[in-house]
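Data first, discussion second: the structure below is written as structure tokens.
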Amino acid sequence: VVERRRAAGRSTELPVIELIGCGLVGGAFSALTHPIDNVITNSQKPMPPGAKRDLLSVVKRMYAESGNRAFTRGFAIKIVDNAYHMAWMYGVGTVVYDHIRKTLTPEGGRM
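Residue numbers for the sequence shown follow the numbering used here, so the first one is 271 and each next one is one higher.
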């Protein structure tokens with residue numbers, strides 16, 4: 271898309287709606303680390319004295335307690351939360367940043 275715009279002599283900056291779309295997709299994909307986040311969280315919770323905290327022991331304990339749900343608990347809300355925040359940062363954040371930069375620099379945005 272950028273190459274076509276450049277070849278046509280148009281601006282290569284993405285419109286706000288495309289920036290928001292990129293943020294939504296990027297935020298949703300960032301939730302793919304959720305299962306390992308759950309393992310890390312479970313390794314830090316209070317355990318009886320002598321309980322092992324290594325990766326394999328924590329994964330086995332989680333699976334024994336809750337099955338596959340132990341690794342996916344909270345996944346949907348994380349997708350929504352990450353997608354919303356990334357869309358906000360890329361879409362609205364970029365517009366606000368450009369406006370402030372143009373307002374504060376004497377050459378109208380050139381740094």
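Glycine included, C-beta positions come from ideal geometry on N, C-alpha and C.
Are at least three pairs of beta-carbons, each pair with one atom in the segment 338-353 and one in the segment 294-314, less than 8 Å apart? yes
Checklist entry - Among Arg276, Gly293, Val272, which residue has its Cα nearest to the Cα of Gly363? => result Gly293
Alpha carbon to alpha carbon, how far is Arg371 from Ser327? 51 Å
Exercise. Using 10 angstroms around the beta-carbon of Lys348, count the other beta-carbons present and answer buried if the total reaches 16, otherwise exposed.
Key: buried
Out of Tyr333, Val286, Tyr367, which has the shortest C-alpha to C-alpha gap to Leu325? Tyr333
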